Structures are given as structure tokens and as C-alpha cells.
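Report on one structure; see the data block that follows.
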């Protein structure tokens, strides 16, 4: 028998869809590849005073409690283990979903005949799908403040690696990075944040827990902000493979309906340390 990694064996076994195997796969996959990074308590600079970035204003100091965040974006192998264990169906897979007519979902991100690559970030997941996965894992989606501190550290850098843009450090539009679309998670180690978190710039936009308010920073609490109590839109962070460099700035905010999903939206989880 050929030697295979635990992740590869679990990907094969999980396709059998037996619940006892799914449970084993989930445990092994989580233990092997959902390593988290510990982000220490302390202040950081959130937002910017750039005149064009009106919803990122003002630049302000935020005091954060310690937390843990996934080192990598959630990939298809891990999401498959969750689905096999729970029977969960994403919104894109519902019979009345717009994607159903074209046969597009996280399983077939390019339509019938395509297959989700295990190491690629899971896509076609809306906010509720992402939160369901994190809950299954005993975690949650990161807040905007947690996400931004994970990317910027305590020196207010513009991108996770520094304040100097470099197309070789992220999967983005127009870069000669050998990827026409999604890249396997963790493909750009040179783009790591100060804490060692990968892919916080590019590859896929990432869901945050918060509701969106363009003026929230003006009145946000200075300690562990959680976002507005209600709203119409949720927050995406980080930019994706279809975006140019400016969209990948660590302070950039994107608002979308929580039911939105697409080939450029994914997520990662966070939790208390």
C-alpha cells in the first residue's frame, strides 16, 4: 500500500460518507491541519485616515484581549469532514438556490464536471455556512478587530508582510504567481503576518462575525469591539484572487449580505486562547 498523509487518507475515506468514518476524519483533519496562532493581548492601530477610505476612518487605537485564530483558511478537506459528520447542506446546494441550475457549489466550484480540490479554500459558503462550520469545531468567526490585528500586528502595517506592496506575497489579480484562480491554502509563506498567519491578503475574502456600519469606528468601544448590534450587511476582509493590491490592504472593509456566496469568498475560525 502506498504511503499517504493522514489528510490524504481522510479525504479518501470521507468520500464514503459513513458517519463513523466521517467522525474519525474530522478528528484527524482538525488535529493535523487546523493549527491556530495565538495572538497576544495588547493594543493595535485599527483603520486609516486616508481620505478615500471613508469607512475605515478614523485610525484609532484598540485594546484587544488575547485570542487564537486559524493559521490557514478553511480548506475543502476540512469542510468535507464537517459535512460528512453533520449532513450539513450549504445554501448554494438548496433546490431553490440560483446556483442549483448551474450545478455550482462548494463541491463543484466551477460547475458540473469540476471537483473541489482538497487543499483549496472552501468557497460558495455564505456567512451562515461559515458560522455553522466554526460552531461545529467549537470555535467562531473572528471579529473585524481580531482579523485586523492578526494581519497588522502592532505597527500599523498596510499589508500583512509590511507597508510595501509585493505581488509575490499573495494570490491576487494580475500577479505572475502561477495560479489562474484559487491557490492551495498556505501557498505564500512570505506573506505571513507578524504572528505567522497566512493568506490574510488575497486568495479569498474572509467572513468576519460583525455586522457592517460605515461609521462604526467613530463610536466603537476602545476594548474588544464586537461590531454593531444589528445591520443588513456582514463584513468581508482580505481581498481575493480577483482583486488588485489595494483591495488586499489589511484595513480594507467590504460589506455584503450574509447570504452572499461566490468563488472568491471563504473564511477561517477564531476562539478564546
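Numbering (this note's numbering), first residue to last: 355 to 627. Just so you know, even glycine gets a beta-carbon here, dropped at the ideal spot from N, CA and C. Please read these numbers as outputs of a predicted model, since none were measured by experiment.
Proximity of residue i and residue j at Cβ, strictly below 8 Å
i, j, result
"residue 428", "residue 475", "yes"
"residue 525", "residue 537", "yes"
"residue 640", "residue 413", "The structure shown has nothing for residue 640, since the chain only spans 355 to 627."
"residue 623", "residue 523", "no"
"residue 604", "residue 502", "yes"
"residue 424", "residue 399", "no"
"residue 458", "residue 465", "yes"
"residue 612", "residue 482", "yes"
"residue 391", "residue 422", "yes"
"residue 540", "residue 531", "no"
"residue 393", "residue 504", "yes"
"residue 568", "residue 408", "yes"
Beta-carbon separation (whole angstroms), residue i vs residue j, contact threshold 8 Å
i, j, result
"residue 461", "residue 470", "5 Å"
"residue 315", "residue 519", "The chain is shown only over 355 to 627; residue 315 falls outside these bounds and no answer can be derived."
"residue 479", "residue 620", "7 Å"
"residue 595", "residue 557", "6 Å"
"residue 484", "residue 625", "Actually they are not in contact, since the Cβ atoms of residue 484 and residue 625 sit about 14 Å apart, beyond 8 Å."
Nearest to residue i (by Cα), restricted to the options the options
i, options, result
"residue 542", "521, 584, 528, 490", "521"
"residue 473", "405, 458, 426", "426"
"residue 628", "442, 540, 434, 575", "Residue 628 cannot be examined here, being either before or after the span of the chain that is shown, 355 to 627."
"residue 545", "486, 605, 506", "506"
"residue 452", "614, 504, 601, 553", "614"
"residue 602", "410, 463, 559", "559"
"residue 410", "608, 551, 511, 626", "608"
"residue 435", "597, 486, 406, 551", "486"
"residue 548", "580, 508, 606", "508"
"residue 442", "433, 450, 449", "433"
"residue 555", "463, 511, 578", "511"
"residue 590", "448, 580, 606, 405", "606"
"residue 529", "580, 578, 597, 444", "597"
Sufficient close CB pairs (3 or more, under 8 Å) joining the region 509–519 to the region 568–587: no
What residue ranges within the region 454–535 form continuous alpha helix (DSSP H) runs of no fewer than 4 residues, ordered along the chain? 481–490, 498–506
Between the region 488–503 and the region 553–568, can you find at least three pairs of beta-carbon atoms closer than 8 Å? yes
Only counting runs of 3 or more residues, tell me where the beta strand (DSSP E) segments fall wholly within the region 558–588, in order along the chain. 559–565
Secondary structure, beta strand (DSSP E): runs of 3+ residues fully inside the region 585–617: 588–591, 608–610
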